[in-house]
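Notes for the one structure printed next.
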């Protein structure tokens with residue numbers, strides 16, 4: 001009955017004229033209706049692409065799905081933006097808008113790498129990051145970006161390089177004795193790469209920005225010092241554990257120390273040459289009639305004053321003889337000071353030559369002592385370089401000030417403050433122009 | 001695709017195709033409720049115009065099934081019609097006469113008589129039952145589409161349909 005009824009109901013569709021519309025009316029109605037709707041679309045504007053896309057989604061994507069898909073859509077969009085941003089920033093060049101984003105992303109990636117690396121292997125990873133910074137410095141120096149931007153980026157990256165080297169030095173303590181050979185090898189190789197990159201960068205930057213070149217040079221020296229500290233920790237740990245240093249390790253350390261001492265000697269020679277130049281400069285100024293031997297030393301004294309007593313004591317230990325005076329009571333002349341700085345530089349060169357021989361000898365018998373000697377030389381060279389640089393920085397000021405008149409010495413004046421003469425000097429000099437402080 | 005063409009491009013041709021597809025069904029649906037040929041034609045015509053305006057509306061509302069939209073609007077139009085006219089559904093004698101005239105050749109056979117009998121039985125049923133039987137067995141809509149049109153859940157539609165068929169059988173049995 002039910003099936004029969006269903007089929008009879010279906011047949012009602014075919015009942016012409018009863019429940020179905022009149023075919024004539026169907027056609028007539030269609031014509032009228034099309035005419036009516038034709039009038040409405042005539043006034044409509046053509047839809048844009050966005051509306052078409054919107055219509056497409058509204059037609060084919062059910063609304064509840066659309067609601068459900070919204071969070072997924074947001075996540076997808078975020079992923080697309082992040083990925084595209086990452087890809088775009090990966091190829092960003094210095095000065096590009098995405099350069100900072102690239103660096104930030106690199107830092108995040110590095111942190112991630114560190115998080116997934118065992119503590120005993122982190123020193124090598126930090127060295128890798130430091131090497132990367134050195135390459136960035138080189139890349140930026142090669143780039144034809146705005147000089148100010150270039151300087152800023154290089155300075156920032158130099159700081160990052162120092163930071164990475166610091167972290168590498170700290171992480172060495174976590175490296176077990178068994179992995180010391182690999183670590184020493186890595187230190188030697190990476191530091192070679194870093195110093196090579198920095199040295200090439202200095203050569204390019206020096207002609208454009210001398211100060212920046214100096215900063216990079218110092219960073220190179222700092223990297224060498226830290227690498228020595230790293231090797232010292234490794235050797236010390238082996239000594240404490242009474243584990244013999246293998247010949248291969250010795251060879252690597254020897255190579256590293258020889259290179260370091262050689263580089264330091266080179267730095268000392270450069271400092272000596274610069275100091276000699278300063279002596280010549282003072283001499284030339286005197287020849288031109290400028291007063292260079294008056295109490296202008298007070299200006300220099302407020303910053304740094306180098307005495308000429310640097311030397312090596314009888315036990316072979318290098319004394320930190322570069323005296324820094326914060327008083328103005330040092331009675332000396334500009335000429336004497338510059339001569340003293342030149343002498344210090346000259347002695348540092350001699351010390352470096354002596355140390356080079358000593359280190360080569362000690363490496364066979366006492367590796368730890370050889371490292372220490374190299375480190376001490378590094379400190380002296382760095383101080384000498386700093387002194388020569390600071391002298392060079394303030395020298396023009398000294399010469400200019402000296403032409404203004406006599407300045408009373410013995411008056412306490414902090415750097416950055418106005419020097420007020422207590423006696424009848426003709427001119428007051430603002431000391432803030434020479435607020436350098438020897439380290 | 002027709003729906004997309006209408007909504008995005010206001011394509012009147014597409015709407016013409018939609019009209020051809022549904023005119024018979026909607027007319028039949030309306031006619032079974034109003035029992036008047038002219039009223040059914042007017043209402044059906046209005047339904048299609050309303051659907052057009054709704055589809056091209058800027059504040060596009062979701063349209064899952066265009067058939068469901070057509071039936072829903074047709075259903076509301078019929079409700080409005082009764083509300084205005086306070087019309088009581090009954091078989092119009094003229095319509096029956098028209099049916100007789102149009103389908104003389106069909107009614108001549110037994111099958112035609114039986115169909116006519118079912119039609120009359122349907123008219124006696126309550127509107128809800130009439131609707132579901134028409135939509136399910138005459139227009140062959142799915143349960144999902146019917147549920148969307150009448151605003152009920154699938155299971156409720158199945159139950160209503162079951163009861164409606166039972167009532168229809170009873171009416172037909174009584175007649176016999």
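Protein chains in written order, with the working numbering: chain A, 1 to 439; chain B, 1 to 176.
Where a beta carbon is used, it is the ideal one built from N, C-alpha and C, also for glycine.
The structure displayed is predicted, hence computed values, not measured ones.
query                                                                                                                          : result
Beta carbon proximity, residue 147 of chain A to chain C, threshold 8 Å                                                        : Among the protein chains in the structure shown, which are A and B, there is no chain C.
Beta-carbon gap between residue 127 of chain B and residue 33 of chain B smaller than 8 Å                                      : yes
Host alpha helix (DSSP H) of residue 139 of chain A (start-end)                                                                : 122-142
Outcome for residue 85 of chain B when other beta-carbon atoms lying within 10 angstroms are tallied against a minimum of 16   : exposed
Buried versus exposed, by CB contacts within 10 Å (16 or more), residue 7 of chain A                                           : exposed
DSSP three-state assignment for residue 18 of chain B, whether helix, strand or coil                                           : helix
Touching by the beta-carbon criterion (3+ pairs, under 8 Å), the segment 344-352 of chain A and the segment 262-272 of chain A : yes
Near-chain A residues of the segment 133-150 of chain B - C-beta to any C-beta below 9 Å                                       : 133, 134, 136, 137, 138, 139, 140
Residue burial classification, residue 138 of chain B (beta-carbon count within 10 angstroms, cutoff 16)                       : buried
Residues from the segment 35-49 of chain B in contact with chain A, defined by Cβ distance under 8 Å                           : 37, 40, 41, 44, 45, 48, 49
Distance between residue 82 of chain A and residue 83 of chain B (C-alpha atoms, nearest Å)                                    : 59 Å
Start and end residues, alpha helix (DSSP H) containing residue 174 of chain A                                                 : Element bounds for residue 174 of chain A: n/a, residue is neither H nor E.
Min CB distance residue 5 of chain A to chain B below 8 Å                                                                      : yes
Buried versus exposed, by CB contacts within 10 Å (16 or more), residue 116 of chain B                                         : buried
7 Å Cβ cut-off: residues of chain B touching residue 38 of chain A                                                             : 12
The alpha helix (DSSP H) enclosing residue 342 of chain A, as first and last residue numbers                                   : 334-365
Every unbroken beta strand (DSSP E) within the segment 27-81 of chain B, with a cutoff of 3 residues, ordered by chain         : none
Anticipated Cβ contact below 8 Å, residue 122 of chain A with residue 171 of chain A, distance rounded                         : 4 Å
C-beta atoms of residue 186 of chain A and residue 234 of chain A nearer than 8 Å                                              : no
Beta-carbon gap between residue 35 of chain B and residue 123 of chain B smaller than 8 Å                                      : yes
Simplified DSSP state of residue 125 of chain B, which is helix, strand or coil                                                : coil
Residue 19 of chain B at chain A interface by Cβ criterion, 8 Å                                                                : yes
Chain-ordered chain A contacts of residue 24 of chain B [CB-CB under 8 Å]                                                      : 13, 20, 21, 26
Contact set between residue 118 of chain B and chain A, taken where Cβ atoms lie within less than 8 Å                          : 5, 8, 9, 12
Simplified DSSP state of residue 91 of chain A, which is helix, strand or coil                                                 : coil
Residue 242 of chain A - DSSP class collapsed to helix/strand/coil                                                             : coil
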